[in-house]
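Undergrad: So the protein lines, in turn, are chains L and Y. Position one of the first sequence corresponds to residue 1 (this note's numbering), numbered consecutively onward. Position one of the second sequence corresponds to residue 1 (this note's numbering), numbered consecutively onward.
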Amino acid sequence: MNPAWSVIFLTTLLGAGQGLFLALYAIDVGAANGLLALPGPTFYVGGATLALALLVTGLFSSFFHLGRPERAWRSAAKWRTSWLAREVIVLPAFMGAVFAYGAAHQLQAGDRICLWVGAAGTVLCIALFVCTAMIYACLKFLQEWHTTLTPLNYFLLGSASGFTLASVLAALVAPHAVNQLAIAALVLGALAYLGRLAALRRNARLRPMSSLATAIGVKHPHIEQKAQGFMGGSFNTREFFHGRTRETVRAVRWALLVLVFPVPAVMLGVSGENAFLLGAAFALQYVGLLAERWYFFAEANHPQNLYYQAIS
Amino acid sequence: MTQLALVIDLNVCVGCHACVTSCKEWNTAGTAGPLTDQNPYEKDPTGTFFNRVQTFEVGVYPDTQTVHFPKSCLHCEDPPCVPVCPTGASYKRAEDGIVLVDADKCIGCKYCAWACPYGVRELDQQEKVMTKCTLCVDRIYDASLPERDRKPACVLACPTNARLFGDIHDPASAVSSAIRDNGGYALMPEWGTHPANHYLPRRKTEFRIHPDELKRVDNPLKVDGKLPKPAPGEPALDDVTTW
Numbered sequence: 001m002n003p004a005w006s007v008i009f010l011t012t013l014l015g016a017g018q019g020l021f022l023a024l025y026a027i028d029v030g031a032a033n034g035l036l037a038l039p040g041p042t043f044y045v046g047g048a049t050l051a052l053a054l055l056v057t058g059l060f061s062s063f064f065h066l067g068r069p070e071r072a073w074r075s076a077a078k079w080r081t082s083w084l085a086r087e088v089i090v091l092p093a094f095m096g097a098v099f100a101y102g103a104a105h106q107l108q109a110g111d112r113i114c115l116w117v118g119a120a121g122t123v124l125c126i127a128l129f130v131c132t133a134m135i136y137a138c139l140k141f142l143q144e145w146h147t148t149l150t151p152l153n154y155f156l157l158g159s160a161s162g163f164t165l166a167s168v169l170a171a172l173v174a175p176h177a178v179n180q181l182a183i184a185a186l187v188l189g190a191l192a193y194l195g196r197l198a199a200l201r202r203n204a205r206l207r208p209m210s211s212l213a214t215a216i217g218v219k220h221p222h223i224e225q226k227a228q229g230f231m232g233g234s235f236n237t238r239e240f241f242h243g244r245t246r247e248t249v250r251a252v253r254w255a256l257l258v259l260v261f262p263v264p265a266v267m268l269g270v271s272g273e274n275a276f277l278l279g280a281a282f283a284l285q286y287v288g289l290l291a292e293r294w295y296f297f298a299e300a301n302h303p304q305n306l307y308y309q310a311i312s
Numbered sequence: 001m002t003q004l005a006l007v008i009d010l011n012v013c014v015g016c017h018a019c020v021t022s023c024k025e026w027n028t029a030g031t032a033g034p035l036t037d038q039n040p041y042e043k044d045p046t047g048t049f050f051n052r053v054q055t056f057e058v059g060v061y062p063d064t065q066t067v068h069f070p071k072s073c074l075h076c077e078d079p080p081c082v083p084v085c086p087t088g089a090s091y092k093r094a095e096d097g098i099v100l101v102d103a104d105k106c107i108g109c110k111y112c113a114w115a116c117p118y119g120v121r122e123l124d125q126q127e128k129v130m131t132k133c134t135l136c137v138d139r140i141y142d143a144s145l146p147e148r149d150r151k152p153a154c155v156l157a158c159p160t161n162a163r164l165f166g167d168i169h170d171p172a173s174a175v176s177s178a179i180r181d182n183g184g185y186a187l188m189p190e191w192g193t194h195p196a197n198h199y200l201p202r203r204k205t206e207f208r209i210h211p212d213e214l215k216r217v218d219n220p221l222k223v224d225g226k227l228p229k230p231a232p233g234e235p236a237l238d239d240v241t242t243w
């Protein structure tokens, strides 16, 4: 597929926002059970505001993917069948929950209310991860995406970046929570890295179900396209292939392998409560996640490309 | 239930692209249009088409066969492009099985194109909505046209009659018998989309000559044979005939 920046930013920003919310709620639950010192409301309110900002920016970026953004309101209609419609419903609901969570802490509504609002937000957060990932994972002939690793990795990668961001925030307003958040970010990052490696390994061994023989229905091992029917480009030649050299794709792959976990992990390990270093760790991890998402799209081989192998 | 479809005979398609141009001509002016073009007369021309003819070479030289392969929406019986549409703009008509896009509801998110393994949906670059073959739905039911013209534009344009149009759920229809009798098959059956359009395979064309066809056995007047050469000086057609 040809990676679209609008979708890359949408999925990575949503993931970071969702992960940040999960981190806030985890701290909240931990503090309520006496496992952690209670951070002040600034941590929660600031975190919820930041998470909301990430979600809004992600949503804003998604509009650039639409040919007719003015009709975007229609896109919740087919929630019974379409994961995209489900995402369109769950995203605003989750944004509402994040807002309510931040507001509850701001208004000091009490532990019980905060925890209940947070629990609802967590359910919506997980639902949003599932919806976002299932948009891709449900397409069975995009074999690289059609695996349970896709929703798992969306969840783990988003959570890892969100926890890293939460540790930056904690370093600024609630230093005593930095350690726990950094450790959680390391654990989630390691799991996400393992999940992504597993997906890369799986995809490297995939055997495509479709071939030119099934595409045109001629059962012969040697079929070669001689003409695709036109010499200029078309939607089919633009949308489904990234058009980059093998070297570029390999470079992006290395960027994701290095930046998603190993580099941020080292920085998380050495930064202590230094907000600047933690911030740099998050920034690098986010760049890694952009590379990861770009590669996620680029590595998917759409079977329609079988029909566009030779211009003439 | 009716399922209208095309049956494309690869044995007689000569790859002339008449179906491509007539499709574009009809649909750019029809209810599905306009099918816009960008840079049509400049470098890198591009544009929206519902139908394309591609060419494949099967086998290794010198034992090769050229297959001209027209490709348009297959109007799947279980179309993967329909359930993914978030707005309901992409739909399959219950009454005749045609898969259509409601251009007024489409938000141009391209998800349906991603969900089509055949790559037969195209986002119009100017209209910013998804477009696809409509089986000329604005033509096949048009009572103002003579009965014989109520067919998709590509079918009417085909000079070799490689494109048949009809209801594949009606066992008595010409398309059903063509599928049944001539080994009609669907594309990429592995994805369970059950395309309504079918293709008829290339067939071996044999021309068998028996000895009695080379010379007339019943040569009634006993006059068959080589005719005499004209004498020098007389007009001759050496390259054309034997005398």
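Backbone N, C-alpha and C fix where the C-beta goes; we use that ideal spot for every residue, glycine too. Computed from a predicted structure; not experimentally measured.
(1) Going along the chain, which residues of its own chain have a beta-carbon closer than 7 Å to the beta-carbon of L:Ala275, five neighbours each way excluded?
(2) List the residues of chain L that Y:Gly119 touches, going by C-beta distances under 9 Å, in chain order.
(3) Nearest CA to the CA of Y:Val12: which residue from Y:Arg163, Y:Pro171, Y:Glu77, Y:Val175?
(4) With DSSP collapsed to three states, give me the class of Y:Pro130.
(5) Would you kindly work out how many angstroms separate the C-alpha atoms of L:Gly19 and Y:Cys16, rounded to a whole number?
(6) By the criterion of Cβ-Cβ separation under 8 Å, what are the contact partners of Y:Cys106 in chain L?
(7) Count the C-beta pairs between the stretch 105 to 119 of chain Y and the stretch 80 to 90 of chain Y that are closer than 8 Å, then say yes if the count reaches three, no if not.
(8) Helix, strand or coil, according to DSSP, for Y:Lys24 in the structure here?
(9) If you check the beta carbons only, do L:Leu181 and L:Ala192 fall under 8 Å apart?
(10) Expressed to the nearest angstrom, what Euclidean distance is found between the alpha-carbon atoms of L:Leu188 and L:Leu59?
(11) Is the stretch 56 to 74 of chain L touching the stretch 1 to 12 of chain L, taking contact as three or more C-beta pairs under 8 Å?
(12) What's the gap between the Cα of L:Gln304 and the Cα of Y:Gly119?
(13) Is the beta carbon of Y:Thr31 closer than 8 Å to that of Y:Asn39?
(14) Between the C-alpha atoms of Y:Leu6 and Y:Val175, what's the straight-line distance to the nearest angstrom?
(15) Contact criterion: CB-CB distance below 8 Å. Does Y:Phe69 meet it with respect to chain L?
(16) Could you pull out every unbroken alpha helix (DSSP H) segment of at least 4 residues lying fully inside the stretch 190 to 257 of chain L, listed in chain order?
(17) Going residue by residue through the stretch 140 to 181 of chain Y, where are the continuous alpha helix (DSSP H) segments of at least 4 residues, counting only ones entirely within it?
(18) Taking the alpha-carbon positions, what's the L:Ala313 to L:Tyr25 distance?
(19) Alpha carbon to alpha carbon, what distance is there between L:Val178 and L:Gly272?
(20) Going by Cα to Cα distance, which pick from Y:Glu127, Y:His169, Y:Cys19, Y:Trp114 is closest to L:Phe141?
(21) Nearest to L:Leu284 by CA position, among L:Glu239, L:Leu268, L:Lys219, is which residue?
(22) Which of the residues in the stretch 213 to 228 of chain L, read from start to end, lie with their CB under 8 Å from any CB of chain Y?
(23) So the alpha helix (DSSP H) Y:Asn51 belongs to, where does it begin and stop?
(24) Applying the criterion that 16 or more other CB atoms from any shown protein chain within 10 Å of the CB defines a buried residue, is L:Trp294 buried or exposed?
(25) Using a 10 Å radius around the Cβ and a threshold of 16 neighbouring Cβ atoms, would you call L:Gly110 buried or exposed?
(26) Count the other C-beta atoms from every protein chain shown that fall within 10 angstroms of the C-beta of Y:Phe69, then say buried if there are 16 or more, exposed otherwise.
(27) Run down chain L in chain order and give the residues with a C-beta less than 8 Å from the C-beta of Y:Glu122.
(28) Grouping DSSP H, G and I as helix and E and B as strand, with all else coil, what is Y:His198?
(29) Apart from the five residues just before and just after L:Gly47, which ones in its own chain have a Cβ nearer than 7 Å to its Cβ?
(30) List the DSSP bridge partners of Y:Asp63.
(31) With 8 Å as the threshold, decide whether the Cβ of Y:Ala113 is near any Cβ in chain L.
(32) Measuring alpha carbon to alpha carbon, tell me which of L:Gly233, L:Leu152, L:Ala291 ends up nearest L:Arg254.
(33) CB-CB under 6 Å to L:Ala104, same chain, minus the five flanking residues each way: which ones, in chain order?
(34) Exposed or buried, L:Gly34, counting other C-beta atoms within 10 Å across all chains shown (16 or more means buried)?
(35) Which class does Y:Trp243 belong to by DSSP, given the choice of helix, strand or coil?
(36) Given a threshold of 16 other Cβ atoms within 10 Å of its Cβ, counted over all protein chains shown, does Y:Ser144 qualify as buried or as exposed?
TA: In brief:
(1) Numbered from its first residue, the first sequence carries residue 275 of chain L at position 275. If we look at L:Ala275 and ignore the five residues flanking it on each side, its Cβ neighbours are Val168, Ala171, Leu172.
(2) Stepping through the second sequence from its first residue, residue 119 of chain Y is reached at position 119. Under the 9 Å cutoff, chain L gives Phe235, Asn236, Glu239, Phe240, His302, Pro303, Gln304, Asn305, Leu306, Tyr307, Tyr308.
(3) What you label residue 12 of chain Y is simply residue 12 of the second sequence in a count that begins at 1. For Y:Val12, the nearest C-alpha among the options comes from Y:Arg163.
(4) Here the question's residue 130 of chain Y lines up with position 130 in the second sequence. Looking at the sequence provided, one finds Met at residue 130 of chain Y rather than Pro. Three-state result, Y:Met130: strand.
(5) Mapped onto the first sequence, residue 19 of chain L falls at position 19. Mapped onto the second sequence, residue 16 of chain Y falls at position 16. Each residue's Cα considered, the two are about 56 Å apart.
(6) Here residue 106 of chain Y refers to the residue found at position 106 of the second sequence. By Cβ distance, chain L contributes Gly67, Arg68, Arg71.
(7) With a cut-off of 8 Å, the stretch 80 to 90 of chain Y and the stretch 105 to 119 of chain Y count as touching, because enough Cβ pairs lie within range.
(8) What you label residue 24 of chain Y is simply residue 24 of the second sequence in a count that begins at 1. Y:Lys24 falls in the helix class under three-state DSSP.
(9) As a working mapping, residue 181 of chain L is identified with position 181 in the first sequence. As a working mapping, residue 192 of chain L is identified with position 192 in the first sequence. No, these two residues do not count as a Cβ contact at 8 Å.
(10) Taking the first residue of the first sequence as 1, we reach residue 188 of chain L at position 188. Taking the first residue of the first sequence as 1, we reach residue 59 of chain L at position 59. Approximately 25 Å between the Cα atoms of the pair.
(11) yes
(12) Against the first sequence, residue 304 of chain L aligns to sequence position 304. Against the second sequence, residue 119 of chain Y aligns to sequence position 119. Their Cα atoms are separated by approximately 5 Å.
(13) Stepping through the second sequence from its first residue, residue 39 of chain Y is reached at position 39. Stepping through the second sequence from its first residue, residue 31 of chain Y is reached at position 31. No.
(14) One-based indexing of the second sequence puts residue 6 of chain Y at position 6. One-based indexing of the second sequence puts residue 175 of chain Y at position 175. Approximately 8 Å between the Cα atoms of the pair.
(15) Mapped onto the second sequence, residue 69 of chain Y falls at position 69. At least one CB atom of chain L sits nearer than 8 Å to the CB of Y:Phe69.
(16) 212 to 216, 235 to 239
(17) The DSSP assignment places complete alpha helix (DSSP H) segments of no fewer than 4 residues inside the stretch 140 to 181 of chain Y at 153 to 157, 174 to 181, in order along the chain.
(18) Residue 313 of chain L falls outside the range modelled here, since chain L spans only 1 to 312, and no answer is possible.
(19) Here residue 272 of chain L refers to the residue found at position 272 of the first sequence. Here residue 178 of chain L refers to the residue found at position 178 of the first sequence. L:Gly272 and L:Val178: Cα-Cα distance of roughly 8 Å.
(20) As a first step, residue 141 of chain L must be located in the first sequence, where it is residue number 141. Of the listed residues, the one whose Cα sits closest to L:Phe141 is Y:Trp114.
(21) Counting from one through the first sequence, the residue named residue 284 of chain L turns up at place 284. Of the listed residues, the one whose Cα sits closest to L:Leu284 is L:Leu268.
(22) Thr214, Ala215, Ile216, Gly217, Val218, His220, His222, Ile223, Glu224, Gln225, Lys226, Ala227, Gln228
(23) Start at 1 with the first residue of the second sequence, and residue 51 of chain Y comes out as number 51. According to the DSSP assignment, Y:Asn51 belongs to no alpha helix (DSSP H) but to the beta strand (DSSP E) extending over 51 to 60.
(24) By 1-based counting over the first sequence, the position of residue 294 of chain L is 294. Per the 10 Å Cβ criterion, buried.
(25) Along the first sequence, one-based indexing puts residue 110 of chain L at 110. Looking at its Cβ environment, which holds fewer than 16 other Cβ atoms inside 10 Å, L:Gly110 is exposed.
(26) To locate residue 69 of chain Y, count along the second sequence from 1; it is residue 69. So Y:Phe69 counts as buried.
(27) As a first step, residue 122 of chain Y is located in the second sequence; it is residue number 122 there, counting from the start. Near Y:Glu122 (Cβ distances below 8 Å), the residues of chain L are Ser234, Phe235, Asn236.
(28) Locating residue 198 of chain Y in the second sequence gives position 198, counting from the first residue. Strand, per DSSP.
(29) As a position in the first sequence, residue 47 of chain L is number 47, starting the count at 1. Here the set comprises Leu20, Leu24, Ala166, Leu169.
(30) If you number the second sequence from 1, residue 63 of chain Y lands on position 63. Beta-bridge partners assigned by DSSP to Y:Asp63: Y:Val60.
(31) For the purposes of this step, residue 113 of chain Y is identified with residue 113 of the second sequence, where counting begins at 1. Interface residue, yes.
(32) The count along the first sequence starts at 1 and reaches residue 254 of chain L at position 254. A quick correction: the sequence has Trp, not Arg, at residue 254 of chain L. Measuring from the Cα of L:Trp254, the nearest candidate turns out to be L:Ala291.
(33) The sequence position of residue 104 of chain L within the first sequence is 104, counting from 1. So the list reads Ile113, Cys114, Val117, once near-sequence residues are dropped.
(34) Counting from one through the first sequence, the residue named residue 34 of chain L turns up at place 34. It is exposed - the Cβ of L:Gly34 has fewer than 16 other Cβ atoms within 10 Å.
(35) The count along the second sequence starts at 1 and reaches residue 243 of chain Y at position 243. Legend: pLDDT at Y:Trp243 = 45, less than 50; position of this residue unreliable, no value from coordinates given.
(36) Taking the first residue of the second sequence as position 1, residue 144 of chain Y is located at position 144. Exposed is the call here.
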